[in-house]
Amino acid sequence: MLIRKGKGVPSSEITPYTAYLRRREFLMGATALTISGGVAEAGLQSSNSAYSTQETPTPLKDVTTYNNFYEFGPGKSDPAANAGALTTNPWRVSVDGLVAKPGQFNLEDFIKPYALEERIYRMRCVEGWSMVIPWVGFPLAEVIERVEPLGSAKYVAFETVVRPKEMSGQRGLLQLLDWPYVEGLRLDEALHPLTILAVGLYGEVLPKQNGAPLRLVVPWKYGFKSIKSIVRIRLVENQPRTSWNQQAPREYGFYSNVNPAVDHPRWSQATERRIGEGGLFARRRPTLMFNGYAEEVASLYAGMDLEKLF
Ligand code: MTE
């Protein structure tokens, strides 16, 4: 098994967000500091977290230049080229719906209560490629528990910001998706300890093309569930709409668990190409059930027909 088990995360691996931001300001003035130097300085130690894979992370350059973020265009290099126009400060996040303590927060206040951890996760896109990314974030469960869900809350719905002035893919005639981009999880999936909200990667503040300033990361599901630049998290009773399911219901289901046995209607999901490994001619590797996280998450789907509920 590739996941390291452990009890809690040692305090040496966590850093409060305010210290993280101060460090960021410092780093911005210190151009000579390398990324790995930045990680060490924050006390975020690579691959020490209980939930991290031991696999080699994908080079930062690939993680930040080969992206899907349709708000900035459909091409893999469009987000890196266009996301600079997004203003991420100030940023407001609401957590509401079926909760006893709803709230609207500035990003910094929203994040302050949580300790940041590094989590090195395998990520697999439905298009057949994968990466290993060292995220910096905190469990979504802590946010949900804090707002005290009502008994009627069964799902969590997420929403990305709508800013046509800043997001080139939200203007013009060719609208690939209905905005806002929306996603959802069943409440038990949202509460699973592998599910995190990320605010950084490679020990740095999240690049805009990767979903700054706040995105979801659900490593056992296809990448499109990991919604970027979140402004709203809502607890709801009924299964929420999701962007890709609305766009092509036959191709993208609500669950979207990585499952090599269920092909996408137009291509196989049996293997994947690891980005950064020898380009297009590198050998494809077999895709693992639940992206290799079966031991942790298979019990969430016991008794479900995963070919019907794909
Ligand atoms: N979130 C928003 N708001 N818009 C998007 O187009 N694309 C999804 C997901 N989150 C997307 C999004 C898809 S298809 C993938 S594979 C991942 O983001 C890619 O994340 P990455 O670019 O950080 O690797």
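Under our numbering, residue 334 is the last one in the sequence shown; the count climbs by one each step, no gaps. Think of the CB as a built atom: it goes at the ideal place given N, C-alpha and C, for glycine as much as any other residue. In this text the structure is predicted, and so the values were computed from the model without any measurement.
Once you ignore the five residues that flank GLY193 on each side, which residues in its own chain have a CB closer than 6 Å to its CB?
TYR94, GLU95, PHE96 and GLY97
Alpha carbon of GLU141 to alpha carbon of MET191, nearest angstrom:
30 Å
Is TRP159 buried or exposed, if buried means 16 or more other CB atoms sit within 10 Å of its CB?
buried
I'd like to confirm something about TYR94: is its beta-carbon nearer than 7 Å to some heavy atom of the ligand MTE, or not?
yes
To which residues of the same chain is GLN270 closer than 7 Å at the C-beta, ignoring the five residues directly before and after it?
ASP202
Take the Cβ of ILE59 as the centre, count every other Cβ of all protein chains shown within 10 Å, and call the residue buried at 16 or more, exposed below.
Reliability fails at ILE59, whose pLDDT of 36 lies under 50, so the model's placement of it is uncertain and the value that follows must be treated cautiously. Classification for ILE59: exposed.
Return the chain-ordered list of same chain residues with a C-beta closer than 6 Å to the C-beta of PRO103, the five sequence neighbours on each side being excluded.
So the list reads ASN91, PHE93, PHE96 and GLN233, once near-sequence residues are dropped.
Within 10 angstroms of its Cβ, does GLU319 collect 16 or more other Cβ (buried), or is it exposed?
exposed
Can you tell me where the beta strand (DSSP E) holding ALA181 begins and where it ends?
179 to 184
How should ARG265 be labelled, buried or exposed, when 16 other C-beta atoms within 10 angstroms of its C-beta is the threshold for buried?
exposed
Assigned secondary structure, LEU312 (DSSP; H/G/I helix, E/B strand, else coil):
coil
Expected contact under 8 Å - CB spacing of SER154 and ILE299 to nearest Å:
7 Å
Counting pairs of Cβ atoms below 8 Å between the region 205 to 216 and the region 238 to 256, do you hit three or more?
yes
Same chain, Cβ closer than 6 Å to TRP268, five either side skipped, listed in chain order:
Cβ neighbours of TRP268 beyond the five flanking positions: PHE248 and TYR276.
Cβ neighbour criterion (16 or more within 10 Å) applied to SER323:
exposed
Any 3 or more C-beta pairs closer than 8 Å across the region 303 to 318 and the region 165 to 183
no
Skipping 5 residues on each side, what residues in its chain have a beta carbon closer than 8 Å to that of ARG239?
LEU221, ALA222, LEU230, SER250, ILE251, LYS252, SER253 and ILE254
Sequence-distant residues of its chain with Cβ nearer than 7 Å to SER112 (five each side left out):
Note that residue 112 is Thr in the sequence shown, not Ser. Correct list, in chain order: LYS232, ALA236 and PRO237.
Grouping DSSP H, G and I as helix and E and B as strand, with all else coil, what is GLN263?
coil
Using a threshold of 7 Å, is the CB atom of ILE251 nearer than that to any non-hydrogen atom of the ligand MTE?
yes
Is any heavy atom of the ligand MTE found at a distance shorter than 7 Å from the C-beta of TYR145?
Between the ligand MTE and the CB of TYR145, the shortest heavy atom gap is not smaller than 7 Å.
Three-state secondary structure (DSSP) at THR89?
helix
Cβ neighbours of ALA124 in the same chain (closer than 6 Å, five flanking residues each side left out)
These residues qualify, in order along the chain: GLU172.
I'd like the span of the alpha helix (DSSP H) that includes ASP120, first residue to last.
No alpha helix (DSSP H) contains ASP120, which is instead part of the beta strand (DSSP E) from 116 to 121.
With which residues is ALA294 paired in a DSSP beta bridge?
Answer is none; ALA294 lacks a bridge partner.
Label ASN281 either buried or exposed according to how many other C-beta atoms from any shown protein chain fall within 10 Å of its C-beta, with 16 as the threshold for buried.
buried
If we require 3 or more residues per run, which beta strand (DSSP E) segments fall completely within the region 158 to 230?
179 to 184, 206 to 210 and 220 to 225
Does the ligand MTE have a heavy atom nearer than 7 Å to the CB of PHE248?
yes
Select from VAL286, HIS288, PRO217 and GLY227 the residue whose C-alpha is nearest the C-alpha of TYR317.
PRO217
Can you give the Cα-Cα distance for LYS31 and ALA74, rounded to whole angstroms?
Note on LYS31: pLDDT 38, under 50, position unreliable in the model; the coordinate value appears next. Note on geometry: alpha-carbon atoms of LYS31 and ALA74 lie some 7 Å from one another.
Closest Cα partner of TYR226 within the set ASP287, GLU331, TRP244 and ILE157
ILE157
Using DSSP with H/G/I as helix, E/B as strand and the rest coil, what is ASN269?
helix
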